[in-house]
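For the sequence shown, the working numbering begins at 641 and goes up steadily by one.
Each residue gets a CB set at the ideal place from its N, CA and C atoms; glycine is no exception.
Notes for the one structure printed next.
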Amino acid sequence: MRLLSYCLILVSIISFSQTDSEIHLLEIAVTSNKVQVLNSKIISSSIGYHNQPSFTNNNKLLFSSERDKQNDIVEYNIKNNDNKLKFITSTFGSEYSPIQYKKNKVTAVSLDKNGVQYLRIYDIKKNTFKIPFKDKVVGYYNHSKETKDLIVSSVLENNELVLYSSNLKTREHVFIDSNTGRSIHPIPNNKFGEEKFSYISKKDSVWTINYVNLSNYKTEIITNTLENNEDICLLKNGTILTSKGNKLYIVNPTTDSKWVLLCSLEDFGITNISRMSINPNNDKLALVNSK
């Protein structure tokens, strides 16, 4: 009963609420500190809850998509111009925050109908899944690009989200920081032998974007969030994208002292941007328009 009550609390904290939202795919051009939006189209249904986009490569992305009053994992292939969605899971519960793990394997946060929540590894080819560990209730996470089987995640402890690194094979966890948020990203272009992750710290009234160096688990502040908006994505040149309403903002932490307005997406029918994901080439941006 204790685990069930924790899971029910976590649902409200991590906001997997079924409000209508849609996934937009933008073609963009990045030059210096500028991002030009070339085109935009909706790739999900406009009815229901569609959220947490994540690119698997330059031309494919995953997201959580609602059907039959629950959420399954969808794969979208950009090269296919027919806009067809491929559902790659069909379970009795719901899946959120899907991320490519290995070939034919995807991780996602699973929420069963009885309220139990775990991180699961789905074998898409075999149509099976396994739970790597049950001692941590993962809310948000991302995979290491350098260390095999390692994730960094915000998990529920003492009614708040706490940041850990976790090995999916050995089930070992290392504490990083407390009172954290949902945006967790590998930082590109680190020095040899270093791996850094960005995350959101909510310890103070002004939330900050921090990083952790996984070689020694030291943390530092990168910059402040834009008015406590925790949804960000990182470009390969080190700049950071965020949003407010229908507008995109950018900051280069090494040169900028404040966030810079990029553009409004109102002309594309986008009114309330939340989650964002950018492909490795930085020429496609997937974002959630919450209604």
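Residue 738 and residue 659 have their alpha carbons spaced roughly 18 angstroms apart. Taking a cut-off of 8 angstroms on C-beta distances, the region 664 to 676 touches the region 922 to 930, as three or more cross pairs fall below it. In the displayed model, residue 732 falls within coil according to three-state DSSP, outside both helix and strand. A straight line joining the alpha-carbon of residue 823 with that of residue 691 spans about 14 angstroms. In the structure shown, the three-state DSSP call for residue 773 is coil. The DSSP-derived three-state label of residue 712 is strand. In this structure residue 674 is exposed. Its beta-carbon is surrounded by fewer than 16 other beta-carbon atoms within 10 angstroms. Under the three-state reduction of DSSP output, residue 860 falls in the strand class. Boundaries of the beta strand (DSSP E) harbouring residue 707: 700 to 707, taken from the DSSP string.
About 16 angstroms separates the CB atoms of residue 834 and residue 850; that is not less than 8 angstroms, and the two are not in contact. In this structure residue 838 touches residue 862 by the C-beta definition: roughly 6 angstroms separates them, less than 8 angstroms.
If one requires a minimum length of 3 residues, the beta strand (DSSP E) runs lying completely within the region 804 to 851 are 813 to 818 and 836 to 841, in chain order. For residue 763, the enclosing beta strand (DSSP E) covers residues 757 to 763. Distances from the CA of residue 891 to each of 731, 906, 873 and 904 were compared; the closest alpha carbon is that of 873.
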